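Trainee:
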Amino acid sequence: MRGSFQFMKSVNKKAVLNEIRLNGPISRANIAKETGLTPPTVTNIVKELIEEAFVKESHLGESSGGRKPTLLQLNEEGYYVIGVDAGSNTIEAAVCNLYGHTLLRFENEIPKAIDREKFLNIMKQTIKKLLEDETVQSKKIIGIGVAMHGVMNIEEGVSYYSSNSGLENVPVKYELEKEFGYEVLLENNSRALALGEFWFGGFEHVDRFCGINVGRGVGSGLVVNGKLFHGPQYVAGEIGHTVISVNGRQCKCGNKGCLETFVSSESIVKRAKKQISQAPENLTAEDVYHYAVEGNKEYIHVLEETGYYLSIGLLNLINTINPDTIVLGGGVMKSAEFLMPIIMDNVRTKALTSKVRNEVNIFVGKLDDDATLLGAAALVFNEYF
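Under this note's numbering, the first residue of the sequence shown carries the number 5, and numbering increases by one thereafter.
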């Protein structure tokens, strides 16, 4: 399968394919204009892309004086990717097309006590369930993308460590490639979420994009010129473990006062129980949100406080890496109506310069619970674009 797609490694072909993805339906003439390639070169490349089923002819465009041009767009039925979101409690897998539409889904629960072998077996079973369905031909699947919590070696496809599961050195890439024969790409879940929002959330034209995952933990991914940035030790984006209070609560990472200890779902619950005498013992972050929606001022205060702490983390991020756009996702952002006013007010008044304060864009993610899953799929698509 990899050999049959070697043509995609061509810089010119990637340029043409990306132009069609970002601006399609588009004519051959406009592709040549935007990419700087000659019309004959574009014509030859488009011919190959159509033969390889990545691109298809769409409809006739407007005439600029001569014959109406035939417009080109991605072929949504040409190829598919399996995206896998290995979360804390479940492993979910889906077959996705080039537009991020899911055709098939399946999910399995993860037992609380689990070892590497059982974890990998559950992942394999979940993927096998998709492949058993004949809705999508297996020969049209070009790879598997996997998103997991923790520190990943993306080159070797090994999950070094996950604090959620406690599993270490899980050889995801090796085991899945041996089992299924497809190329497998592994990524941290927060970076996958960032890539998912970038690819399928309408942010493909942003040069310097940051997606932040605020849930049981806090992580982020930086996409620069369409590619994820990892750093040499694969920890770029661990915003949750930047310290915002040197005397703060102990974090799972061993340090004190990490952002994660102030804004994760667990920390929200702990703070609510500490501040609200009548808070139930089995309180959850979802409960905090529902009580706030009902108008309970004490719970509203807890969420507004969370928004303030999160804004401190964002200010540190903005003043350090200066992204064009930040997208906030994850379970905690379901409380966005209480968090965002505080976040935006702080950023607009406290970012380093007036230009940054006025021009940095901050949005709530558009893909909701599917962001990480679609980001896992985008890992494979990103190899061809």
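Don't be surprised by glycine CBs; every beta carbon is placed ideally from N, CA and C. Keep in mind that this is a model prediction, so the values were computed, not measured.
Am I right that Val306 and Val297 are in contact with their C-beta atoms under 8 angstroms? What's the rounded C-beta distance?
Mentor: Incorrect: roughly 13 angstroms between the Cβ atoms, too far for contact.
Trainee: Assuming Gly311 and Phe266 are in contact, meaning their beta carbons sit under 8 angstroms apart, how far apart are those beta carbons, in whole angstroms?
Mentor: Actually they do not touch by this definition, with Cβ atoms about 11 angstroms apart.
Trainee: Buried or exposed for Asp89, going by 16 or more other Cβ atoms inside 10 Å?
Mentor: It is buried - the Cβ of Asp89 has at least 16 other Cβ atoms within 10 Å.
Trainee: Expressed to the nearest angstrom, what Euclidean distance is found between the alpha-carbon atoms of Ile316 and Lys274?
Mentor: About 20 angstroms.
Trainee: At the level of alpha carbons, what is the spacing between Leu318 and Val351?
Mentor: Whole-angstrom Cα-Cα distance: 8 angstroms.
Trainee: From the DSSP output, read off the bridge partner residues of Phe233.
Mentor: Beta-bridge pairing links Phe233 to Leu226.
Trainee: Note down the Cα distance separating Lys128 from Ser163, rounded to an integer number of angstroms.
Mentor: Cα to Cα, the separation comes out at about 16 angstroms.
Trainee: Please look up how many angstroms separate the CB atoms of Ile146 and Val85, rounded, as I've assumed it's under 8 angstroms.
Mentor: About 6 angstroms; that satisfies the 8 angstroms criterion.
Trainee: Does the stretch 104–124 touch the stretch 146–159, meaning 3 or more C-beta pairs lie closer than 8 angstroms?
Mentor: Verdict: no, contact absent.
Trainee: Could you tell me how far apart the beta carbons of Gly185 and Phe202 are, in whole angstroms, since I believe they sit closer than 8 angstroms?
Mentor: Gly185 to Phe202, Cβ: 29 angstroms. No contact.
Trainee: Where in the stretch 175–219 do unbroken runs of the alpha helix (DSSP H), each at least 4 residues long, occur, reported from the N-terminal end onward?
Mentor: Entirely contained in the stretch 175–219, the alpha helix (DSSP H) runs reaching 4 residues are, in chain order, 176–184 and 193–204.
Trainee: With DSSP run on the structure shown, which of helix, strand or coil describes Ser166?
Mentor: Coil, per DSSP.
Trainee: CA-CA distance, Asp372 and Gly333?
Mentor: Taking the straight line from one Cα to the other gives about 7 angstroms.
Trainee: On the CB-based measure, 16 or more other CB atoms within 10 Å of its CB, does Asp374 come out buried or exposed?
Mentor: Buried, by the Cβ-count rule.
Trainee: With DSSP as the reference, identify every bridge partner of Val85, one or two as the case may be.
Mentor: For Val85, which the question treats as bridged, DSSP gives the partners Cys100.
Trainee: Is there contact between the stretch 116–124 and the stretch 43–60, where contact requires at least three CB pairs shorter than 8 angstroms?
Mentor: Too few Cβ pairs lie closer than 8 angstroms, so no.
Trainee: Taking the DSSP output, what are the residues bridged to Met127?
Mentor: According to DSSP, Met127 bridges with nothing at all.
Trainee: Within the same chain, show all residues whose beta-carbon is closer than 8 angstroms to that of Lys17, passing over the 5 residues directly before and after it, in chain order.
Mentor: Closer than 8 angstroms at Cβ, skipping near neighbours: Phe11, Ile49, Glu52 and Leu53.
Trainee: Rounding to the nearest angstrom, what Cα-Cα distance links Asn193 and Asn217 in this structure?
Mentor: Spanning the two alpha carbons is a distance of roughly 8 angstroms.
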